[in-house]
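2 protein chains.
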Amino acid sequence: MEERTELETIGEFGLIERLNPKREIRNESTILGIGDDAAALKYNGKVILVSTDAMVEGVHFDMVYTPLKHLGYKACVINFSDIYAMNGTPKQITITISASNRFSVEALEELYAGINLACEKYNVDIVGGDTCSSTSGLFISITVIGEVDEDKIVKRSGAKPNDLLCVTGDLGGAYAGLLVLEREKVTFKANPNFQPDFSTYEYILERQLKPEAQKEMIEWFKENDVLPTSMIDISDGLASETLHLCKSSDVGCELYIEKLPLDYETTRTLEEFKIMPDVGALNGGEDYELLFTVDQKDFEKIKTNENIKVIGYITDNSQGSNLITPQNTTIELRAQGWNHYRKEE
Amino acid sequence: MEERTELETIGEFGLIERLNPKREIRNESTILGIGDDAAALKYNGKVILVSTDAMVEGVHFDMVYTPLKHLGYKACVINFSDIYAMNGTPKQITITISASNRFSVEALEELYAGINLACEKYNVDIVGGDTCSSTSGLFISITVIGEVDEDKIVKRSGAKPNDLLCVTGDLGGAYAGLLVLEREKVTFKANPNFQPDFSTYEYILERQLKPEAQKEMIEWFKENDVLPTSMIDISDGLASETLHLCKSSDVGCELYIEKLPLDYETTRTLEEFKIMPDVGALNGGEDYELLFTVDQKDFEKIKTNENIKVIGYITDNSQGSNLITPQNTTIELRAQGWNHYRKEE
């Protein structure tokens, strides 16, 4: 009998590893392949960044509470985020949309209104796409192309011991927003006349439904002549991304729980759901903030930017990746992360 | 009440036009946007071509008779074809796969075996991707990046009156193959023990299940210093593509039915299905041959290549696009083409 391994048993990263063993590179223009936020191609001395991210109905979003315009916006932003995570600037996208006939032309126009809005805000051109039908559901795949100077590419692999571990913005908000939306969905199913009051959840709902990518941070790095030693965007949760970064850089880290940046609304909501805010900040996905490391010499510059928080530092690989509690005890850092195949969401 | 336009009423091209009105170009690097086989971007004087094509289960393929390895191969080839249609060379791809848990890890490995085989044959690097679950079915979207010298880009829009209209290979084979597969599927459903005999349909089944893109033709153009004035790949059928090319170039054409290149097996099979071979050659999709125009001065070179057939010539726009029958009567050329939203397949 043929072997059959279920997708859910190996997870997304396991699958990527199985489908993408080490490959020979065939073209000179391919300078960085699979394994970072974006691939890097070099044409006539110029580096082009390329990344692809998809959103699937029932997996990444629920049409019950996702406005199509927001969905189009988010589908773009999560792709732009991958280019920023390489210290690049997104320039062009191509879009593939597959929609069942449950969706009307007007619905797709609404989706495109969000895509257009994101492209306007982030100064990106839509240069191609493919729109086709599906037998069920809505599928959006976007490929983004960006640019970066070759000596300014920031990979996941450049962190070195004693570098500072930094994060932008605040964490756990998108996850808190998702919890609220899922709760109201259940209430709505029980009583379709129910009108949820979202007024005290505005920030976290926006974090979930209409996130932003860190354009200003990349511009600030340039203006202030700061070049992170490594960087990754936070889509799967801080814990998971920190481990990715440490693994790629072959280093360890100490991450201080009390330094985790948490917004008040996020904290209040997570507590409402009996989730420890730190746990939400470490494992909640979809914040699209940047996690990066800088050399200690850049500390004076970094501390002038209110949007950056130093949450720890890089250590030698032999020391492992650890969380430091407020009581100064050490816990091994583990990733819960998102595994769509295990349907944890 | 809100307006609701069904997707099936406006077709793929109607939808593309509605979702992509004329847009301002925001980045200098965007030199050619939506509307050709690929977009063209210019970075440091080098032109990069980008194109995206998706394949959706139940729309573009049927798992009953599509081996996963062939599917992976075809998903790549249809993308490479778009780059060749701009006179370029494909160099890198990114892949998005969304699969329900009906598919095992081994099934996706089989799909990737086909993708790897195509990339090896066409000398292309896989530089990124996104693999996620779906609630039903299999979805594959590939974005291809290629290169071309700026003065060698061939668009759809360059045909001029008196140019020769040429086509590579032969036509209608992929459509004939699809007819055979659909027939055997019906027989198989009625009697699951039935083993179809495909031995007399080998060529057309390969045309449908494992098509090739026209790499050699682009190399021949270069070696022989031939630069087509316009070009498009034949994915939606010759009639449809000819009209696209004429519309983009603002010209008309005369296309001789008796010049249509037809393979013997294709002709025999179409007749078996009571379809006039000419009609199959004009409207059958998925041949992935190239349709192009050349200046008459290139005729001496063109005629030395057995793989190229001159099927007509370009006229002034005012004369329209016409078919010339063997009896020398003129019929207006119309596109049947593929409209996935109308479920013609």
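Going down the list, the sequences are from chains A and B. Counting with this note's numbering, you get residues 1 to 345 for the letters of the first sequence. Counting with this note's numbering, you get residues 1001 to 1345 for the letters of the second sequence. Beta carbons are placed, not taken as given, at the ideal position from N, Cα and C, and that holds for glycine. Source: prediction; values computed, not measured.
query	result
Rounded to the nearest angstrom, how far is the Cβ of Ser-1321 (chain B) from that of Gly-1252 (chain B), given a contact under 8 Å?	5 Å
Check whether the Cβ atoms of Gly-1072 (chain B) and Thr-1096 (chain B) lie closer than 8 Å to each other.	no
May I ask you to list the residues that DSSP assigns as paired with Gln-92 (chain A)?	A:Asp-125 and A:Ile-145
Within its chain, find whatever has a CB closer than 6 Å to the CB of Leu-178 (chain A); leave out the 5 residues flanking it on each side and keep chain order.	Gln-208
Suppose the cutoff is 7 Å on Cβ atoms and the five residues either side in sequence are ignored; what does the same chain contact list for Thr-1325 (chain B) look like?	Ile-1257 and Ile-1331
Within 10 angstroms of the Cβ of Thr-9 (chain A), are there 16 or more other Cβ atoms? Answer buried if so, exposed if not.	exposed
DSSP three-state label for Arg-342 (chain A), please.	Legend: pLDDT at Arg-342 (chain A) = 43, less than 50; position of this residue unreliable, no value from coordinates given.
Give me the chain A residues within the contact set of Ser-1098 (chain B), using Cβ-Cβ distance strictly less than 7 Å, ordered along the chain.	Ala-54, Val-56 and Phe-139
Looking only at its chain, what residues have a beta carbon closer than 6 Å to the beta carbon of Leu-282 (chain A), apart from the 5 residues adjacent to it on each side?	Leu-238 and Ala-239
In the structure shown, what three-state DSSP assignment does Met-63 (chain A) receive?	coil
If we cut at 8 Å on Cβ distances, does Val-59 (chain A) have a partner in chain B?	yes
Of the choices B:Thr-1187, B:Leu-1164, B:Pro-1196 and B:Gly-1146, whose alpha-carbon is the least far from that of Lys-1215 (chain B)?	B:Gly-1146
By the three-class DSSP mapping on this structure, what secondary structure does Gly-1169 (chain B) have?	coil
For Ala-1190 (chain B), does the count of other Cβ atoms within 10 angstroms reach 16, so buried, or fall short, so exposed?	exposed
Give a yes or no on whether 8 Å exceeds the smallest Cβ distance from Gly-1114 (chain B) to chain A.	no
By the 10 Å Cβ neighbour count, where 16 or more other Cβ atoms means buried, how is His-340 (chain A) classified, buried or exposed?	Bear in mind that a pLDDT of 47 at His-340 (chain A), under 50, signals an unreliable position, so the number given afterwards is only what the model happens to contain. His-340 (chain A) should be labelled buried.
Mind pulling the chain A residues with CB within less than 7 Å of Cys-1166 (chain B)?	Residues of chain A passing the Cβ test: none, with the nearest at roughly 26 Å.
Going by DSSP, which residues form a beta bridge with Asn-1322 (chain B)?	B:Glu-1254 and B:Glu-1332
Quick check on Pro-1192 (chain B): buried or exposed, where buried means 16 or more other Cβ atoms within 10 Å of its Cβ?	exposed
In chain order, which alpha helix (DSSP H) runs of at least 4 residues are fully inside the region 1005-1052 of chain B?	1007-1019
Does Leu-117 (chain A) get closer than 8 Å to chain B when you measure Cβ to Cβ?	no
Taking C-beta pairs closer than 8 Å, name the residues in chain A that Gly-1128 (chain B) reaches, listed in chain order.	Gly-33, Ile-34, Ala-38, Ala-39, Val-50, Ser-51 and Thr-52
By Cβ distance below 7 Å, which residues in the same chain neighbour Thr-315 (chain A) in space, the five residues on each side in sequence not counted?	Pro-161, Val-251, Gly-252, Cys-253 and Glu-254
Please return the same chain residues whose Cβ sits closer than 7 Å to the Cβ of Glu-17 (chain A), not counting the five positions on each side in sequence.	none
Rounded to the nearest angstrom, what separates Glu-1150 (chain B) and Glu-300 (chain A) at their Cα positions?	46 Å
Counting C-beta neighbours from all protein chains within 10 Å, is the total for Lys-91 (chain A) 16 or more, i.e. buried, or is it exposed?	buried
Taking Cβ positions, are Leu-1291 (chain B) and Thr-1229 (chain B) nearer each other than 8 Å?	no
So Ile-308 (chain A) and Ile-302 (chain A) are supposed to be a Cβ contact under 8 Å. How far apart are they, rounded?	5 Å
Taking the C-alpha atoms as reference points, what is the distance between Val-50 (chain A) and Ser-1098 (chain B)?	19 Å
Taking DSSP as the reference, what is the three-state secondary structure of Ser-1136 (chain B)?	coil
Might you give, ordered along the chain, the residues of its own chain that have their beta carbon closer than 6 Å to the beta carbon of Leu-1138 (chain B), omitting 5 neighbours on each side?	Glu-1057 and Ala-1099
Residues of chain B with a CB under 9 Å from the CB of Leu-108 (chain A): which are they?	Leu-1007, Leu-1015, Arg-1018 and Leu-1019
From the DSSP output, in three-state form, read off Val-294 (chain A) for me.	strand
Can you give me, in chain order, the residues of the region 1144-1168 of chain B that have a beta carbon less than 8 Å from any beta carbon in chain A?	Ile-1145 and Glu-1147
Can the beta-carbon of Ser-235 (chain A) be found less than 8 Å from the beta-carbon of Gly-285 (chain A)?	yes
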